[in-house]
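Trainee: The following block contains the structure, expressed as structure tokens.
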Amino acid sequence: MNKRDKIRFFSQLFFLIVSLTLLVLLILGFLGVSHSYCPFASVCFGILGLSPAVSVWLFKTAAIVGILIAFSTVFWGRKFCGYICFLGTLQEFIYNLNCSRKKYCRKLSYKTHLILRVLKYLVLIFTAVTAFLALQYLYMKFCPVYALAHPQNISLAAVFTLIVIFVLGVWVERFWCRYLCPYAALMNLFQYMGKLLGIKRQKIRRNIEASVNCKTCSNYCPMGIKIECKEEISNINCIHCGRCVRKCLKDNFSKEQCLYRD
Ligand code: SF4
Ligand code: SF4
Numbered sequence: 066m067n068k069r070d071k072i073r074f075f076s077q078l079f080f081l082i083v084s085l086t087l088l089v090l091l092i093l094g095f096l097g098v099s100h101s102y103c104p105f106a107s108v109c110f111g112i113l114g115l116s117p118a119v120s121v122w123l124f125k126t127a128a129i130v131g132i133l134i135a136f137s138t139v140f141w142g143r144k145f146c147g148y149i150c151f152l153g154t155l156q157e158f159i160y161n162l163n164c165s166r167k168k169y170c171r172k173l174s175y176k177t178h179l180i181l182r183v184l185k186y187l188v189l190i191f192t193a194v195t196a197f198l199a200l201q202y203l204y205m206k207f208c209p210v211y212a213l214a215h216p217q218n219i220s221l222a223a224v225f226t227l228i229v230i231f232v233l234g235v236w237v238e239r240f241w242c243r244y245l246c247p248y249a250a251l252m253n254l255f256q257y258m259g260k261l262l263g264i265k266r267q268k269i270r271r272n273i274e275a276s277v278n279c280k281t282c283s284n285y286c287p288m289g290i291k292i293e294c295k296e297e298i299s300n301i302n303c304i305h306c307g308r309c310v311r312k313c314l315k316d317n318f319s320k321e322q323c324l325y326r327d
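If you're matching positions, the sequence shown starts at 66 in our numbering and goes up one per residue.
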């Protein structure tokens with residue numbers, strides 16, 4: 066484990082413990098403010114979360130923090146997904162239970178992967194429309210964070226979401242993150258806007274000339290990104306986990322080159 070991997074590991078572990086502790090506290094009703102800390106509030110409520118009609122200030126704080134995190138991806142990419150989000154961490158752990166001893170465990174074809182990737186934008190549109198029409202509680206029926214925080218009120222839709230996360234995720238790493246997470250779609254939109262405005266964003270770069278085209282980097286990527294043919298990883302779905310660096314057989318991602326802005 067190099068220094069970056071250690072930072073990522075301890076960051077994920079810290080936020081997983083904090084998130085699970087908060088969830089347990091919420092389940093036990095100690096805080097009485099329900100799922101108000103949820104980082105996805107900006108997605109559930111959109112700007113409606115900031116309206117005076119929504120009285121719980123924690124919702125507003127969560128909505129603002131959610132938007133700020135999404136905005137930060139314009140400059141630093143989706144580090145939130147690679148270092149902080151407990152749902153992503155949980156999915157990594159679940160997948161590793163099944164696949165850690167195998168070379169890699171991706172079963173979907175690349176074409177299917179590309180088609181499924183569009184779904185998260187549809188979920189975001191659906192969420193944004195329901196928020197705009199003040200029907201925002203509709204998304205909460207599917208929300209995995211709400212379901213984990215309120216097991217007593219769990220809906221059929223939430224059971225479906227949890228099955229997707231914790232069952233499909235056993236075979237396809239980060240299934241929810243790759244294909245369905247509306248917050249991922251929001252972060253990608255921010256990155257895309259940054260790209261249009263010509264703002265420089267942190268990315269991973271490789272020495273393409275040293276590559277032996279073994280595809281190890283792509284096979285291990287938790288987000289299913291095709292890396293072997295790229296000199297720089299500008300894909301907005303990259304979560305900066307650095308696994309492609311760690312797994313490279315030729316060590317052709319030099320550590321100095323690992324992150325740069327362009
Ligand atoms: S894609 Fe969504 S669920 Fe996955 S790590 Fe990112 S914010 Fe969390
Ligand atoms: S491209 Fe590399 S750093 Fe980005 S998600 Fe894939 S393995 Fe992680």
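Backbone N, C-alpha and C define an ideal beta-carbon position, used for all residues, glycine too.
(1) Which residue comes first and which comes last in the beta strand (DSSP E) that contains Gln256?
(2) Go to Arg270, then tell me how far its beta strand (DSSP E) extends in each direction, as first and last residue.
(3) Assuming the contact rule is C-beta atoms closer than 8 angstroms, Leu227 and Thr154 should be a hit. Round their C-beta distance to whole Å, please.
(4) Check for me: the alpha helix (DSSP H) holding Tyr285 runs from which residue to which?
(5) Consider the C-beta atom of Cys246 and the heavy atoms of ligand 2; say whether any pair is separated by less than 7 angstroms.
(6) Between the region 250-257 and the region 131-145, do three or more beta carbon pairs fall short of 8 angstroms?
(7) May I ask you to verify whether the region 276-295 touches the region 183-190, counting CB pairs closer than 8 angstroms and requiring at least 3?
(8) In chain order, what are the residues with a CB under 6 angstroms from some non-hydrogen atom of ligand 2?
(9) With the cut-off set at 8 angstroms, would you say Val139 and Gln256 are in Cβ contact?
(10) Going by DSSP, what residues sit across from Ile298 in a beta bridge?
(11) Kindly indicate the opening and closing residues of the alpha helix (DSSP H) around Glu157.
(12) Can you find the residues in the same chain that come closer than 8 angstroms, C-beta to C-beta, to Asp70, ignoring five residues on each side of it along the sequence?
(13) For Asn218, which three-state DSSP category applies?
(14) CB Ile230 to CB Leu152, shorter than 8 angstroms?
(15) Determine the direct distance from the alpha carbon of Cys164 to that of Asn67, and round the result to whole angstroms.
(16) Check Met288 in the structure and name its three-state DSSP category.
(17) So which of Glu274, Ile301, Cys294 and Lys291 has the shortest CA-CA distance to Ala261?
(18) Just checking Phe145 against ligand 1 - is the residue's beta carbon closer than 7 angstroms to any of the ligand's heavy atoms?
Mentor: Working from what's here:
(1) Residue numbering aside, residue 256 sits at position 191 when the sequence shown is read from its first letter. Gln256 -> not in any beta strand (DSSP E); alpha helix (DSSP H) instead, spanning Pro247 to Leu261.
(2) For the purposes of this step, residue 270 is identified with residue 205 of the sequence shown, where counting begins at 1. Unbroken beta strand (DSSP E) run through Arg270: Gln267 to Arg270.
(3) The residue given as residue 227 occupies position 162 in the sequence shown. The residue given as residue 154 occupies position 89 in the sequence shown. About 16 angstroms separates the two Cβ atoms, so there is no contact after all.
(4) In the sequence shown, residue 285 corresponds to position 220, counting from 1. It spans Thr281 to Tyr285 - the alpha helix (DSSP H) in which Tyr285 sits, taken as one unbroken run.
(5) By one-based count along the sequence shown, residue 246 stands at place 181. Checking every heavy atom of ligand 2 against the Cβ of Cys246, none is found closer than 7 angstroms.
(6) yes
(7) no
(8) Ile269, Cys286, Pro287, Met288, Ile290, Ile292, Ile298, Cys303, Ile304, His305, Cys306, Gly307, Arg308 and Cys309
(9) For this step, residue 139 is matched to residue 74 along the sequence shown. For this step, residue 256 is matched to residue 191 along the sequence shown. For Val139 and Gln256, yes; Cβs fall inside 8 angstroms.
(10) Taking the sequence shown and counting its residues from 1, the one referred to as residue 298 is at position 233. Partner residues in the beta bridge of Ile298, as assigned by DSSP, are Ile269.
(11) If you number the sequence shown from 1, residue 157 lands on position 92. Residues Phe151 to Cys164.
(12) Looking up residue 70 in the sequence shown gives position 5. Only Gly307 and Arg311 meet the Cβ criterion.
(13) Against the sequence shown, residue 218 aligns to sequence position 153. DSSP places Asn218 in helix when its eight states are reduced to three.
(14) For this step, residue 230 is matched to residue 165 along the sequence shown. For this step, residue 152 is matched to residue 87 along the sequence shown. Closer than 8 angstroms, so yes.
(15) Position 2 of the sequence shown holds residue 67. Position 99 of the sequence shown holds residue 164. Whole-angstrom Cα-Cα distance: 22 angstroms.
(16) The residue labelled residue 288 in the question sits at position 223 within the sequence shown. Here Met288 sits in coil by DSSP.
(17) One-based indexing of the sequence shown puts residue 261 at position 196. Per the sequence shown, the amino acid found at residue 261 is Leu instead of Ala. The shortest Cα separation from Leu261 among Glu274, Ile301, Cys294 and Lys291 belongs to Ile301.
(18) Position 80 of the sequence shown, counted from the start, is the residue given in the question as residue 145. Yes, the beta carbon of Phe145 sits closer than 7 angstroms to at least one heavy atom of ligand 1.
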